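Encoded as structure tokens, the structure appears first; notes follow it.
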Amino acid sequence: MRTKILIITMITSTLFVSNVSIAELGKMDKAEAQAQATTKFDHIGLAEMYEKEANEMTAKAKVQKELLEEYQRHSEYYGREGQDFQAHHEALLREYTKAAERNAGMAASHRKMAK
């Protein structure tokens, strides 16, 4: 049972890492959209897009935090790989939190431009 939970957790974390790289690929479209944004409605659309991404990153950070709390409660289940597990999820939590903050900042600046 414990090994199944560990395997599922590792697979899930791998999927989260792949989502970050997919998000990085979409930056070209954002840069083009920002360069072409001229009207109030363009900036509102960009702000909504950044808010949506900030919410997604916040949700992902919450999942990582829950995984870390589970590790803290039951670290004896993870054996030698536990420290790698903890470091990996702490790094993901930091990255998702930073991404959420950046997206929230961009959304705020586009809301300001729209006014």
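With this note's numbering applied, the sequence shown covers 295 to 409. Backbone N, C-alpha and C define an ideal beta-carbon position, used for all residues, glycine too. For clarity, every value in this text was computed on a predicted model and none was experimentally measured.
7 Å Cβ shell around residue i - same chain, five flanking residues per side excluded
i	result
Ala394	Ala348, Met351, Thr352, Ala355
Residue interval of the alpha helix (DSSP H) (run including residue i)
i	result
Ser403	376-408
Ala355	334-367
Close beta carbons around residue i, own chain, < 8 Å, minus the five adjacent residues each side
i	result
Gln330	Asp336
Through-space distance from residue j to residue i, alpha-carbon basis
i	j	result
Lys359	Lys409	36 Å
Ala385	Gln366	16 Å
Phe379	Glu363	12 Å
His382	Arg396	21 Å
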